[in-house]
Structure formats: structure tokens, C-alpha cells
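Below: the structure, in C-alpha cells.
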Amino acid sequence: MRTRTRALWATAAGLVALSTPYWLPTTVVALRMRIFARLGGGEGVAVPGAQVGPDRFEELYGHPAAGGRSRGAALSDLFWYWLAPGADVHQEHLEAGPRYDEVARTTLAILAGPAPDLSRAAARCAAAVLDELGTGRAALVRLRDLMMPVWAEFFHERVFHEPCPPGVRRLITDHADDVVSSLKCTRPRRMWRRHRLTRYLAGRIAAGAVPHALPRSLSPRERAYYLQGTFFNTAVVQLSEAMAHLLLALAEHHDVQERVARAPDDDRYLDHVIDETFRLYPLFGVAHRVTTADITLGTGPTLPAGSVLCFSYPDYHATGYEDPGSFAPRRWEARTAKDAHHIPFGVAANRPCPAWRLAPLVMRAATREVLRRYALDSAVSHTRSIPHRAPCLLVRRGRPLPRPWVLGARAFLRVRDRFEDVGRAPAQLVLGTWMVLDARRRRLATTYFATYDTEGRPLTSVEREPLREPAPKAAETGP
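Residue numbers (UniProt numbering): 1 to 479.
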């Protein structure tokens, strides 16, 4: 009897262990969100939500009084922590005013160029990185890791008008990977990686090697932070994530992939695929804005000045569609982004992403380079955050693998992904909780605005407002 009981317990324990990949990750994610909400103090008005529905989402997003970026929101401390160093001059977090206007003009000037030139540059950078995979018949890759050097080279060329040396490319990818990994709570911040890139950029600026007029309102150190945050953080990370989502979707939907591969010059269909990818997997999760005046929409409630609005892109993109959870590029044949709940680059009335024109151009070019060389296959989970960095099998065009090999590789990717989740989910819970607490302790945004105004000018002793708690001793500093 005792032996039978032990066998039953052993069997039960074995079943629990084998089933952990199916229930543990989702359980931990739910627990993590509850902890983050509690640690964040429940700040923010969720949009769309009980107070503002999806029909008013874009109206509120584009409202003139919904333009505060960082000042007055406790959430800003967390985002500044993840984007350090130099979050105070990051274009996304600058408050409206002359300094923002000058920075925005500079960004647009650096990103500008004839569409054919931009496409050719993206194709050239993609081809160079893909050629580094060698001439093998197949390769297992993480798509985000594969794409990050492409955009490191591309934006280095945009900023410096010269090719990116291998060592500098590594500096950029190390920095970008560190930022996005900490954002996804898969690793803590490693500031030494970020400071190495700051030193490189500061040296190039000091040597007069940047062929652009950088914002005069910024100090030399702030100009380095501006380039680092705008081009070698946000631009590299966002385009790498966008391409990882797009290529993973193609790897999962072979009919769509083959249609694109057969007609690579069909911009209209490829744009539908890109639109559907952005709809299902928006690059932004939640964008928070601070109201600068009272806002009343129609007959709805008044949102008082100082309210923190949390605009959820995934929730908004899931409304107004039939079967919103399915990947269906055909849905865009009868609608446009203007008449859909679809804002992949924000809203024109409220500082849209400066790469709204460039991103589709260069994504099309890079996708064609990939599909010209490889067929893609994957069976891993596909979520907006892709913490696994999008594992995928690449198979050379014209040299297909035997079907059993493909099925074996697909099964390997699926099983590995499940079991990686078992370790990754608890790690994200622990690291995410620790970083939220560390960000609250450092209070980078709160401390900054207690010392400087929104144009970066030091406040006088009369203008300063005392912090509720003592300023942290370990302030964020450059290298």
C-alpha cells in the first residue's frame, strides 16, 4: 500500500512537472501584472476603458491638452529608468516647447531622404548581415538578434554618413539589446554597456564627425544622449522588433509568405501584411500622457488636469474587427488605416513617431532580402513582447530540407520555447519587481523636474518644490 501511494505521488509530481510549460508562464505573467499594478500605485486612466471607450480613443489621444510627456507622472520614473542614460533629452519624453521642436526638426532631417535611397540602404545593410550567415543549407536563428545588426548599420549610416565599423556595430547592438531586454524584464540593466556607446558618440561629436547640425539647446553630453536614445536605442530596437514580428508571422503563415516571395514587388500586398502585423503586435504597449488642462469629451466625464492617461495600443487594435485575434492581411483589402482602429505610429495630432514614413519603406526592403535567400518556418509562441526573441528556422531558397528534418526542427523549437518559458517567466517576475522598486527608489524623472524646468534650465531656489522623500543618493550619471 505504501509503495502504491509513493508511486501515485511520484506520478502526480511527474505530471505537474511535465505540464509546467503550459500553465506556469501564464500564471506568472498574471501575477507579475498584479504586482506591477500594486507597486505602481494604480496610477492612470486606462484608455480604452470604463471612462473612455475605443470610439473616443483617437480623439482623446490627439487632444491638445493630452500632451504632457513625463512631468507629473510616477510612471515616468520607471520609463526613464529603462531608457537611461539621458532619458531627459529622449525625444519621446521631452515636454512641448522650443527644445522639443528643435530636437524633432533634427530627427526628421537625419531620417529624411529619397525613398529609393532609403530602400537601397536598408537592402544593402540587410544583405550584408544575412551574408554573414554563410552558405549553409539551413540555420536556426533568433530573428530579433538577426535584425538588430541590420538597423545598427543602417542608422549609423544615417547619422554619420559612413559605413559602420564592426566594433561600433557591436557597441550599438549591445546597447540596444540591453535596453530592450531590461524593458522585457529578462535581464537587469547593465549600464556599463550603455555608457560605452555614450563615450563613443561623445567622442565623435567632439571631433566634429557628425555631418548634421545637432540641437544647439543641448549640451555636448546631451547631444550624445540624444543620438543614443533616438537612433541607437528607439530606432534600432523598434525596427528590430517590428521585423522580428513580421518575419515570425511569415514563418507561421506559409501561404502569406509564399505569396510575398512569389511577388516581392507587390507593395500593396506586403503593406497589408505589415499593417496586419502592426495591428496584432503593436510596438508600443502602453503610452502614458499627462493632461495639461481639463478635458471633456462629448457628454462623458471630465478628465482633470494632471490626469495620467494610459493609452493601450493592443487593446485599441483589438476593437472594431471581426475575429481580431487572427492574422488576416486580407482584411486590409477593404479598409484603410484611416478608417480602422489602427495607429501603429501614434496620432498625427499628438507627435507621431518620426519614422512613420521611413519604417514601411525599409521594412519592405529588408523583408525582400530575407525572402530572396530563405524560406522561414517556426512554431513558437507569438506574443507582442516576444521575450524569446523570435526563434526561427531559415532554409535556403532552392535547397529545401527533407520534410522530416523540417518537422523535427519545428518540434525542437516548440519544445525548447515551452521549457524556456518555465525559467524565463519566474525570472521576469523577480527582475521586473526588482527594477520597479529600484526605479521608485531612484525617481529619475521626479528628481529631475524638482531641479530643472521643462526646457532643461535649472530652477531657482524659489521655483523648486521639495520632494516628498529625500532625493536618492545614487543618481543616474553618465560615464
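Ideal Cβ placement from N, Cα and C applies to all residues, glycine included.
Check your understanding: What three-state label does DSSP hand P329 in the structure shown?
Key -> In the structure shown, P329 falls within a helical segment according to DSSP collapsed to helix, strand and coil.
Point to revise | Alpha-carbon spacing of A251 relative to E153, whole angstroms | key: About 25 Å.
Practice item. Check whether the stretch 260-272 touches the stretch 187-200, counting contact only when three or more Cβ pairs, one atom from each stretch, lie closer than 8 Å. Key: Because the criterion of three Cβ pairs below 8 Å is not met, the stretch 260-272 and the stretch 187-200 do not touch.
Review point. Skipping 5 residues on each side, what residues in its chain have a beta carbon closer than 8 Å to that of P458?
Key: Here the set comprises T451 and Y452.
Exercise for review: Tell me whether D294 sits in a helix, a strand or coil according to DSSP, three-state version.
Suggested key: Annotated three-state conformation of D294 is coil, per DSSP.
Check your understanding: How long is the line joining the alpha carbons of E157 and P149, rounded to whole angstroms?
Key -> CA-CA distance, E157 to P149, rounds to 12 Å.
Exercise for review: Let me know if P404 comes out buried or exposed under the rule of 16 or more other beta-carbons within 10 Å of its beta-carbon.
Suggested key: So P404 counts as exposed.
Point to revise | Per DSSP, the bridge partner or partners of F311 | key: Looking at the DSSP output, F311 bridges to V47 and A287.
Check your understanding: What are the boundary residues of the beta strand (DSSP E) that includes D266?
Key -> Careful: D266 lies outside any beta strand (DSSP E) and carries neither H nor E.
Point to revise | Whole runs of the beta strand (DSSP E) within the stretch 122-166, excluding any shorter than 3 residues | key: Listed in chain order, they are 138-142.
Check your understanding: What is the DSSP secondary structure of A375, reduced to helix, strand or coil?
Key -> DSSP, reduced to helix, strand and coil, places A375 within a strand of the structure shown.
Check your understanding: So is D255 buried or exposed if we call it buried at 16+ other beta carbons inside 10 Å?
Key -> Note on D255: under 16 other CB atoms within 10 angstroms of its CB, so exposed under the neighbour-count rule.
Review point. In terms of residue numbering, what span does the alpha helix (DSSP H) encompassing V406 cover?
Key: Counting along the chain, the unbroken alpha helix (DSSP H) around V406 starts and ends at R403 to R442.
Practice item. Look up Y100 in the DSSP assignment and say whether it is helix, strand or coil. Key: Residue state for Y100 is assigned as helix, using DSSP reduced to three classes.
Point to revise | C-beta atoms of F311 and V47 nearer than 7 Å | key: Yes, the Cβ-Cβ distance between F311 and V47 is below 7 Å.
Exercise for review: Drop a sphere of 10 angstroms on the beta-carbon of P470, count the other beta-carbons inside from all chains shown, and report buried for 16 or more, exposed for fewer.
Suggested key: Since pLDDT at P470 reaches only 42, below the 50 mark, its modelled position is unreliable, and no value is offered.
Exercise for review: Tell me where the alpha helix (DSSP H) around L239 begins and ends.
Suggested key: V236 to E252 is the extent of the alpha helix (DSSP H) around L239.
**Study point:** 8 Å contact criterion, which A235 and A355 should meet: CB distance rounded
**Key:** About 7 Å separates the beta carbons of A235 and A355, which is inside the 8 Å limit, making them a contact pair.
Review point. Among residues of its own chain, excluding the 5 on either side of R204, which ones have a beta-carbon nearer than 8 Å to its beta-carbon?
Key: For R204, where only same-chain residues beyond five positions count, the Cβ hits under 8 Å are F160 and V210.
Point to revise | Backbone CA spacing between T230 and P304 [nearest angstrom] | key: So the alpha carbons of these two residues sit roughly 31 Å apart.
**Study point:** Cβ of R372 within 7 Å of any chain B Cβ
**Key:** The structure shown contains no chain B; it holds only a single protein chain.
Exercise for review: State yes or no: is the C-beta of V89 within less than 7 Å of the C-beta of Y200?
Suggested key: Not closer than 7 Å, so no.
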